[in-house]
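Enquirer: Okay, handing you the structure first.
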Amino acid sequence: MSLPQDTPVRALRRRVLALADTKRLLGIRYSDWLLGAPSIEDGIACSGMAQDEWGHARLLYALFKEWDEDPVAVEQDREPGRYANAPALDDPLDDWPDVVAVMYAVDGALSVALEAMGEGRFEVATSRIPKMLGEERYHRDLASAWLRRLSGGAEEGASRLRRAVERVLPTTLAWLAPEDGAHEALVAAGFDAPSVDLEARWVERIGEGLDRLELGMPPRPGEWDPERGRGPGEPDSEAVERARGDRNRMLFVE
Amino acid sequence: MKDRVFDVFARKERGEPLSHIGYVDAVDAELAKVYAWRTYDEQNWFEMCIVPRTEILPVNRDDGPFASGGGGPGQAE
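So the sequence lines, in the order shown, correspond to chains H and D.
If you're matching positions, the first sequence starts at 2 in this note's numbering and goes up one per residue.
If you're matching positions, the second sequence starts at -12 in this note's numbering and goes up one per residue.
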């Protein structure tokens, strides 16, 4: 274990799990759109982004070894109620505006969270984060291009996107920038940025889209699960079975 | 908005000539850039560029693959 002695391990574990679970669920949601995206090129982009997210999730789960916890158990042995993903990913994405909203707001929040962790004292993570952020650049470009296209196009597409973004904003804000003691402990120990900074960076990142959609940042939802660092709810069981690889493991012979 | 054809050119190393490696259909250059990078990611390209097919001007013949000025996909293949 190479963590500094004053590491708030419980809070750091919560944050890393929140990032890893969000990336794994995001990868699943993107993968649902390999076929059925507006064009073959968008499907290929979803495929690439799904692979990026799963690769990053694997790297993040591996960080659990830093506090002597088995990453395999974390990846494969948890019930849906113990997932710490951004709540916007709890359910499948119904249409393309939903995908764009998640790509813009949730994928963007992930980048902000990773940037902040990358500036902190968690050395093993800081060495891995720049490559992840480099790969995420194209997620941002695709999200921005689609946000401009939908918001500047037919009213039906623009209003669907507006509703989709409006839906994901409150829970994603609470997930990205927790206002509780665990996060304050991380900040005090130099592992993360203050909640207010995370919110400001996210608003700066997605501000152009909010302006285009004539949306402001809504208030945070009232309910909060301090154990997981997210609001109430859990991902659907089918997604969790895919995240854990349940069906693949049935094929293994001991 | 109608899709346009963007031809994709890339080089593996600095100093190598740009090669035509394919095309993508996209409504604008911004999306075309992302599509191109994602679609032709089998190499660790040193440089990749896209060109709207309508901007490629034939010089010596009018029945070559680029001569139709952005017609059907894949004409340059």
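Positions of the beta carbon are idealized from the N, C-alpha and C atoms, including for glycine.
Quantities reported herein were computed from a predicted structural model and do not represent experimental measurements.
(1) Closest Cβ-Cβ distance between L111(H) and chain D: below 7 Å?
(2) Can you pull out the residues from the region 9 to 41 of chain D whose beta carbon lies closer than 8 Å to at least one beta carbon of chain H?
(3) Please check if any C-beta of chain D sits within less than 7 Å of the C-beta of I45(H).
(4) From the DSSP output, which residues share a beta bridge with F(-4)(D)?
(5) To be precise: take each residue of the region 196 to 228 of chain H, compare its Cβ to all Cβ atoms of chain D, and keep it if any distance is under 7 Å. Which residues remain?
(6) Using a Cβ-Cβ cutoff of less than 7 Å, which residues in the same chain neighbour H57(H) once the five nearest sequence positions on both sides are dropped?
(7) Leaving aside the five residues before and after A63(H) along the sequence, list all residues of the same chain whose C-beta is less than 7 Å from its C-beta, in chain order.
(8) Can you look up A13(D) in the DSSP assignment and give me helix, strand or coil?
(9) Given 8 Å as the limit, is there contact between the region 98 to 106 of chain H and the region 144 to 162 of chain H, that is, 3 or more CB pairs closer than that?
(10) Thinking C-alpha only, which one of G82(H), L61(H), G49(H) and R14(H) is nearest A240(H)?
(11) Give every residue of the same chain whose Cβ lies closer than 6 Å to the Cβ of P195(H), excluding the five residues on either side of it in the sequence, and list them in chain order.
(12) Reducing DSSP to helix, strand and coil, say where E64(D) ends up.
(13) Does the separation of the CB atoms of L20(H) and A114(H) fall below 7 Å?
(14) Y27(D) and I43(D): beta carbons closer than 7 Å?
(15) Please work out which residues of its chain come closer than 7 Å, Cβ to Cβ, to E34(D), disregarding the five sequence neighbours upstream and downstream, and give them in chain order.
(16) For R243(H) versus F192(H), is the C-beta distance shorter than 7 Å?
(17) Taking only the alpha-carbon atoms, compute the straight-line gap between V38(D) and G153(H) and give it to the nearest angstrom.
(18) Quick one: is G1(H) buried, meaning 16 or more other Cβ sit within 10 Å of its Cβ, or exposed?
(19) If we count the other Cβ atoms within 10 Å of its Cβ and call it buried at 16 or more, is V125(H) buried or exposed?
(20) Kindly say whether E64(D), judged by its beta-carbon, lies nearer than 7 Å to any beta-carbon of chain H.
(21) Hey, quick one: how far does the alpha helix (DSSP H) through Q77(H) stretch, first residue to last?
(22) Do P9(H) and A186(H) have their beta-carbon atoms positioned less than 7 Å apart in this structure?
(23) Quick one: list the residues of chain D neighbouring Y139(H), beta-carbon separation under 8 Å, in chain order.
(24) Which class does D226(H) belong to by DSSP, given the choice of helix, strand or coil?
(25) Using 7 Å as the limit for Cβ to Cβ distance, is L143(H) near chain D?
Expert: On the basis of the data shown:
(1) no
(2) V11, D12, A13, V14, D15, E17, L18, K20, V21, Y22, W24, R25, T26 and D28
(3) yes
(4) H7(D) and C36(D)
(5) none
(6) K24 and M133
(7) P72
(8) strand
(9) yes
(10) G82(H)
(11) V188
(12) Because the pLDDT of E64(D) is 45, which lies under 50, any placement of that residue in the model is unreliable, and the number read from its coordinates should be weighed accordingly. Three-state DSSP puts E64(D) in coil, outside helix and strand.
(13) yes
(14) Against a cut-off of 7 Å, the Cβ pair of I43(D) and Y27(D) comes out as no contact.
(15) A(-3) and R(-2)
(16) no
(17) 24 Å
(18) Nothing can be reported for residue 1(H), as the shown portion of chain H is limited to 2 through 255.
(19) exposed
(20) Unreliable positioning characterises E64(D) in this predicted model, as indicated by a pLDDT of 45, which lies under 50. A coordinate reading is not provided.
(21) P72 to Q77
(22) Taking the C-beta atoms as reference points, P9(H) is found nearer than 7 Å to A186(H).
(23) V21, W24 and R25
(24) strand
(25) yes
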